Every structure is written in C-alpha cells, then in structure tokens.
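These notes are about the structure you will find just below.
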Amino acid sequence: MSMLSAFGRVAVLMGGRSAEREISLKSGHMILGALRKKGVDAHAFDPREQGLEQLLAQKFDRAFIALHGRFGEDGTVQGALEYLGIPYTGSGVMASALAMDKWRTKLIWLASGIPTPRYALLDAATDHTALAAALGLPLIVKPSREGSSIGVSKVTSVEKIDAAFELARECDDVVVAEQFIEGMELTAGIFGDEPLPLVRIEAPQGNYDYQNKYFGNATKYHCPCGLPRAQEQAIQQQALAAFRLLGCSGWGRLDLMLDGGAKPWFLEVNTIPGMTDHSLVPMAARARGMAFEDLVLGILESAHVG
134 MSMLSAFGRV AVLMGGRSAE REISLKSGHM ILGALRKKGV DAHAFDPREQ GLEQLLAQKF
194 DRAFIALHGR FGEDGTVQGA LEYLGIPYTG SGVMASALAM DKWRTKLIWL ASGIPTPRYA
254 LLDAATDHTA LAAALGLPLI VKPSREGSSI GVSKVTSVEK IDAAFELARE CDDVVVAEQF
314 IEGMELTAGI FGDEPLPLVR IEAPQGNYDY QNKYFGNATK YHCPCGLPRA QEQAIQQQAL
374 AAFRLLGCSG WGRLDLMLDG GAKPWFLEVN TIPGMTDHSL VPMAARARGM AFEDLVLGIL
434 ESAHVG
C-alpha cells in the first residue's frame, strides 16, 4: 500500500493563536516537508486562518498536530478533533491539558514520587522575602501554562521577584515560583513506548531561553549525553514513568536537571515538542539511527481518536 492510500489526506496543523506561533510554523513546515518526501498527501492547515470544521469540508483523514502552546498543546484542539472524528497525533485531551499546566503536573508527580523542584504559587499578595527564604535564591518564576521559556525569569534577588511575577502574569494568571536546581540540563525524548537517548544542553551562562532555543547558535547539544550507560537508562525509565503518569502517549519530551548529587529533577513535559532544525527530539532520534522523515512518519502512524 502506498503512503498516499495508507494515510489518506493529512492536515499538518501549524501556526495557530498562541505565543509560540512562529515556532509552530517552523516545526509545521519541516514536518510537512518530511511527510511529502515520504509520499504522504500532506497539506498545511493554520487554525488561525480557517475554522477546524474545514478539516471535514476539505476531506482530511487525519491530523498531524504541530501547534505549540495554547489552543494546540493544551487539549483544546485534541477535543475538537475527537468531536469531528479525525485521528490526530500525540497525547489525548486530558494528558495534553495536564502536561500544559506545570502546577498540576507537579501535583501529580509529587503524589507519585517523581522528583520535581519545590515550588509555591505566586500572586500579588505573596511575601517575597518569605518566598525567597522558603525556596532559596536564585529561583525560577514562570507562567503555569506557557511553553518555549516564554515569560520565564531566573531571579537572583528578592527585589527582582515582582518584575518576574508581572512578566509571567502577562502570559497566565497562574504563576509558579520554583526552586532553582544547579546542575546538568537534560532532555528526555519519548517516541512510542520507548525513551530516546538523553540530550545534554550546554547553553550560554546556563540560560536556555527562547532566543537560545530557536535562533542562536551558541547553545551546545551533546547526544550521547556523556553519562554512564546505567545512569542514563535509569533516568530514561524514570522519564517514561513521569510521562505515563500524566496519561501522555505517542511522543513527547521531558525537561529535567541533574543536580550535583546525580539526582534527576523533572521540570515539565512537552506533549508537542519543537520539530525545527534546533529541536531536541529529532536530535535524539538521529542518535538512535532514525532519520527525521522516519520519525515524522512514525508519529503520524500513531494517530488516534481518543
């Protein structure tokens, strides 16, 4: 059976209305190119430009979701596609919504024994001195439901907490202050039911922000990550367990820190990770011997409804 007949007409959902629109377009076009290279009848579809009901009107058979952030990674599009009966890639409605919410992700992980940094919810009435005493300095302030490090600040003094809070609150009305973990920055990709090789991130001054993630060339990536094999395998299995606890499936990426005592601390899950030329899941897949086109095709094969 040819790829054209196997998958039918495929919509690559990209762009959208979130703060991560620019990155979504980059990811989407790379996915689109890979699918077409494999002979799939794939087409770009931007939900900001046309309603999702057009997926039915244009007779699409399945959807590859390349929407990052809100209105794409948070369960909203997944729910709409289930209502329309169109198979889609990645995690389902509940898992997508939970993983997008860093606060509720932490609640589930903490209840289940997954190590994640200590935190507090931050609002206009928070005592900043008490917060710094509880979590220590520096600390991280971030919106609970945003991605790509948008609205995130590393705070080094009590006096800077208020500005960090205001920046995060522009993105979300739920703001999380989190203990800063000093150590090695790692990311664990998941493909199907298997963890991919870990990627070690070496960002300038340890600042893996929006610019260094997607547009700069100063960040260094190491895959293999350099850890002893047994230690890497243990972290991979813990990452897979953390992924499954939220109900995630298909593919994704977990971000974590390895402290000086070699303990992993899980930060968040990305259920629709970036697929740009700077992205980490394709890098990890390559280290396992999987070409980008094969990775994309494999994700499309896992498309489901509900």
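In the numbering used here, the protein residues as written are 134 to 439. The C-beta atom is built at its ideal place from N, Cα and C for all residues, glycine as well. Computed from a predicted structure; not experimentally measured.
9 Å or more divides the Cβ of L158 from the Cβ of F197. Taken through DSSP and simplified to helix, strand or coil, Q211 comes out as helix. The count of Cβ pairs closer than 8 Å, one atom from the segment 401-412 and one from the segment 229-239, reaches three, so the stretches are in contact.
The segment 323-337 and the segment 369-389 touch, with three or more beta-carbon pairs separated by less than 8 Å. Annotation for E365: L331, C358 place their beta carbon closer than 7 Å to its own, counting only its chain and skipping 5 residues before and after. With 16 or more other Cβ atoms from the protein chains shown falling within 10 Å of its own Cβ, R195 counts as buried.
Note that the segment 242-253 does not touch the segment 282-297; fewer than 3 beta-carbon pairs, one per stretch, sit closer than 8 Å. Ranked by Cα distance from A301, the first of G280, Q312, V291 is G280. Between G385 and G225, the gap from beta carbon to beta carbon reaches 9 Å or more.
Looking at the DSSP output, K235 sits in no beta bridge, so it has no partner there. Shortest Cα-Cα distance from I241 to any of R142, I323, C304, L379 involves L379. Between A418 and A372, the C-beta spacing is not below 9 Å. Counting only runs of 4 or more residues that sit fully inside the segment 140-179, the alpha helix (DSSP H) segments are 154-170, in chain order.
Beta-bridge pairing by DSSP links H355 to R333.
For S412, the CB contacts under 8 Å within the same chain, skipping 5 residues up- and downstream, are S160, P406 in chain order.
Unbroken beta strand (DSSP E) runs of no fewer than 3 residues, entirely contained in the segment 282-309, are found at 286-288, following chain order. DSSP, read as helix, strand or coil, puts M408 in coil. Contact check for S151 against G184 fails: the beta carbons are separated by 9 Å or more.
The three-state reading of DSSP puts Q183 in coil, since its state is none of H, G, I, E or B.
With a cutoff of 9 Å on beta-carbon distance, G422 and G325 are scored as not near each other. A residue is called buried once 16 or more other Cβ atoms fall within 10 Å of its Cβ, and P361, having fewer, is exposed. Nearest to A367 by alpha-carbon distance, out of K396, F140, I294, M416, is K396.
Closest in C-alpha terms to V308, from the list D256, E434, L268, I294, comes D256. When the five nearest sequence neighbours on each side are left out, the beta carbons in the same chain lying within less than 7 Å of the beta carbon of C381 are those of S224, A228, A232, V402, T404, in order along the chain.
Annotation for A196: the continuous beta strand (DSSP E) segment containing it runs 195-198.
For I314, no alpha helix (DSSP H) encloses it, and the DSSP letter there is neither H nor E.
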